[in-house]
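These notes are about the structure you will find just below.
Number of protein chains: 2
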Amino acid sequence: MPEQNNNGEKEVVSELTTGRLSVYLRCLSYLESIHQKNVSSHELAKQFHLNSAQIRKDLACFGEFGTRGVGYNVSKLKEHLVRTLGIDRVRTLLIVGAGNLGMALADYGGFNDTGFRVIGLLDISPEKIGQCSRSGIPVLPYDQLAAIAAEHNIEIGIIAVPAGSAQEVYDALATSNISAILNFAPIQLRTRNGVKLKSVDLRVNLESLSFYLKNAEDAGE
Amino acid sequence: MPEQNNNGEKEVVSELTTGRLSVYLRCLSYLESIHQKNVSSHELAKQFHLNSAQIRKDLACFGEFGTRGVGYNVSKLKEHLVRTLGIDRVRTLLIVGAGNLGMALADYGGFNDTGFRVIGLLDISPEKIGQCSRSGIPVLPYDQLAAIAAEHNIEIGIIAVPAGSAQEVYDALATSNISAILNFAPIQLRTRNGVKLKSVDLRVNLESLSFYLKNAEDAGE
Numbered sequence: 126m127p128e129q130n131n132n133g134e135k136e137v138v139s140e141l142t143t144g145r146l147s148v149y150l151r152c153l154s155y156l157e158s159i160h161q162k163n164v165s166s167h168e169l170a171k172q173f174h175l176n177s178a179q180i181r182k183d184l185a186c187f188g189e190f191g192t193r194g195v196g197y198n199v200s201k202l203k204e205h206l207v208r209t210l211g212i213d214r215v216r217t218l219l220i221v222g223a224g225n226l227g228m229a230l231a232d233y234g235g236f237n238d239t240g241f242r243v244i245g246l247l248d249i250s251p252e253k254i255g256q257c258s259r260s261g262i263p264v265l266p267y268d269q270l271a272a273i274a275a276e277h278n279i280e281i282g283i284i285a286v287p288a289g290s291a292q293e294v295y296d297a298l299a300t301s302n303i304s305a306i307l308n309f310a311p312i313q314l315r316t317r318n319g320v321k322l323k324s325v326d327l328r329v330n331l332e333s334l335s336f337y338l339k340n341a342e343d344a345g346e
Numbered sequence: 126m127p128e129q130n131n132n133g134e135k136e137v138v139s140e141l142t143t144g145r146l147s148v149y150l151r152c153l154s155y156l157e158s159i160h161q162k163n164v165s166s167h168e169l170a171k172q173f174h175l176n177s178a179q180i181r182k183d184l185a186c187f188g189e190f191g192t193r194g195v196g197y198n199v200s201k202l203k204e205h206l207v208r209t210l211g212i213d214r215v216r217t218l219l220i221v222g223a224g225n226l227g228m229a230l231a232d233y234g235g236f237n238d239t240g241f242r243v244i245g246l247l248d249i250s251p252e253k254i255g256q257c258s259r260s261g262i263p264v265l266p267y268d269q270l271a272a273i274a275a276e277h278n279i280e281i282g283i284i285a286v287p288a289g290s291a292q293e294v295y296d297a298l299a300t301s302n303i304s305a306i307l308n309f310a311p312i313q314l315r316t317r318n319g320v321k322l323k324s325v326d327l328r329v330n331l332e333s334l335s336f337y338l339k340n341a342e343d344a345g346e
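Top to bottom, those sequences are chains U and W. Just so you know, we're using our numbering here: the first sequence kicks off at 126 and counts up by one. Just so you know, we're using our numbering here: the second sequence kicks off at 126 and counts up by one.
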């Protein structure tokens, strides 16, 4: 279920664009890694299977980094996207729930890479507190959330607890002045103003694969 | 990195639409659960924060379930979306990798709900084989992949192994006639024709939150 909130239409539009900016950033990082200096919207579209008109439209909002006939400067455009996405500085994260999902997220490459740093996992279980994830992220007591959030200036909280505890955790994160929350629990949360919530629904990916399988079946009939 | 593949533009378009159909399905399921009989595209858009023109456009492709002034019949439209997404029958899944991520996915609500059933987790570790996830999904020997895939007519394989093993697992899944693969390893895979690959990049969600935080900072300056 998508969250119900008070955001304006503008924010949704920019959120869709943000997703595409992340995709462009990955493409540009790859091109940079193979030492490609310039790329046209057409090339980008073809190589990474994107829409070239959409690329030009999205990037037009962010100033001019393209030269007709030469294309975009890969490094400059990448740098600009990094700044636009606000990952030119490190944002600190706390994961609530040190179960399988929390542990997997703590060690997930992209969560502890440029722009983000996982400070700890919070849990209520005395057996888990004091342990570490494989990559060394410590499990800390959940009842110290407010103190830890203040000490480390935590900006993003991740909810990786069962659905039944998710609302309580959301409220506790919001109360601890954490203003952006990523929720993995399959439940609709009552949101607060000024706290950005993003809920991840992994099932969508399976439904997309199912759609592909169904179309392949229909074509084969 | 988005995968490079040989799909046509048409498939990408339909994949984007598919994601939205999944969102509509969740909204309709919610409305059905509160016994709402009809809903207009306008109401859907307002309540769930979607775009009403986009809703009408997406749903127009799937026949006519709307009546002017009354809106869509919630149950009929839902049923139609379920069929369109091919989840009106059960598709069987295998998860490769019984680490934290694999275990979390095995117990993830939406992966063992209407339309999908997780048959098992495969692993090479003798200590893990024979164990079960919390919800009772068994860990089976990876070297029996081909036999298990054939016996249970597995349609979807999920890669939840470290990046270094992901290509090998992809190839083994494809060789076992599994034609749809969901990849969680942060690596670009060499794909085969006739095997649909979807890679999940959870970092995109963090970047979207970072974008929100940055804009809030800029507005507050």
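Just so you know, even glycine gets a beta-carbon here, dropped at the ideal spot from N, CA and C. Just so you know, these numbers come straight off a predicted model, no measurement behind them.
At what residues does the alpha helix (DSSP H) containing residue i begin and finish?
{"i": "Phe241 (chain W)", "result": "Note, Phe241 (chain W): premise wrong, no alpha helix (DSSP H); beta strand (DSSP E) at 241–248."}
{"i": "Ile273 (chain U)", "result": "270–276"}
{"i": "Ser290 (chain W)", "result": "288–300"}
{"i": "Phe173 (chain W)", "result": "166–173"}
{"i": "Arg181 (chain U)", "result": "177–185"}
{"i": "Asn225 (chain U)", "result": "225–231"}
State buried or exposed for residue i, treating a residue as buried only when at least 16 other CB atoms are found within 10 Å of its CB.
{"i": "His205 (chain U)", "result": "buried"}
{"i": "Asn318 (chain U)", "result": "exposed"}
{"i": "Val215 (chain W)", "result": "exposed"}
{"i": "Ile159 (chain U)", "result": "exposed"}
{"i": "Gln179 (chain U)", "result": "exposed"}
{"i": "Asp268 (chain W)", "result": "exposed"}
{"i": "Gly261 (chain W)", "result": "exposed"}
{"i": "Lys171 (chain W)", "result": "exposed"}
{"i": "Arg193 (chain W)", "result": "exposed"}
{"i": "Thr239 (chain U)", "result": "exposed"}
{"i": "Asp343 (chain W)", "result": "exposed"}
{"i": "Gly222 (chain W)", "result": "buried"}
{"i": "Arg328 (chain U)", "result": "buried"}
{"i": "Thr300 (chain U)", "result": "exposed"}
{"i": "Asn131 (chain U)", "result": "Note that Asn131 (chain U) has pLDDT 39, beneath the 50 cutoff, so the model's placement of it is unreliable and no number is given."}
Starting from the C-beta of residue i, find all residues in its chain whose C-beta is less than 7 Å away, skip the five residues before and the five after it, and write them out in chain order.
{"i": "Asn163 (chain W)", "result": "Val195, Gly196, Tyr197, Asn198, Val199"}
{"i": "Gly227 (chain U)", "result": "Ile220, Leu246, Ala285"}
{"i": "Ala291 (chain U)", "result": "Ile284, Asn308, Ala310, Ile312, Leu314"}
{"i": "Leu156 (chain W)", "result": "Val164, Val199"}
{"i": "Lys253 (chain U)", "result": "Ala223, Val264"}
{"i": "Ala305 (chain U)", "result": "Glu280, Ile281, Lys321"}
{"i": "Asn330 (chain U)", "result": "none"}
{"i": "Asp248 (chain W)", "result": "Gly222, Ala223, Ile254, Val264, Tyr267"}
{"i": "Ala297 (chain U)", "result": "Leu270"}
What residue range is occupied by the uninterrupted beta strand (DSSP E) comprising residue i?
{"i": "Asn308 (chain W)", "result": "305–308"}
{"i": "Ile284 (chain W)", "result": "281–284"}
{"i": "Leu265 (chain U)", "result": "264–266"}
Keeping to the same chain, check which residues put their C-beta closer than 8 Å to that of residue i; ignore five residues upstream and five downstream.
{"i": "Ile303 (chain U)", "result": "Leu219, Ala274, Ile279, Glu280, Ile281, Gly282, Val320"}
{"i": "Val325 (chain U)", "result": "Leu307, Asn308, Phe309"}
{"i": "Phe336 (chain U)", "result": "none"}
{"i": "Asp183 (chain W)", "result": "Thr142, Arg145, Leu146, Tyr149"}
Based on DSSP bridge pairs, tell me the residues matched to residue i.
{"i": "Ile220 (chain U)", "result": "U:Leu246, U:Ile283"}
{"i": "Thr192 (chain W)", "result": "W:Gly196"}
{"i": "Cys257 (chain W)", "result": "W:Pro263"}
{"i": "Asn237 (chain U)", "result": "Paired residues: none, contrary to the question."}
In chain order, what residues of the same chain have a beta carbon less than 6 Å from the beta carbon of residue i, not counting five sequence neighbours either side?
{"i": "Leu150 (chain U)", "result": "Leu206"}
{"i": "Pro181 (chain U)", "result": "Checking the sequence, you will find Arg at residue 181 (chain U) rather than Pro. Ser166, listed in sequence order."}
What I want to know is whether the C-beta of residue i ends up closer than 7 Å to one or more non-hydrogen atoms of the ligand GTP.
{"i": "Pro287 (chain W)", "result": "With respect to small molecules bound, the structure shown includes none, and the ligand GTP cannot be examined in it."}
query: What are the complete alpha helix (DSSP H) segments, minimum 4 residues, inside the segment 305–346 of chain U?
result: Runs found: 328–345.
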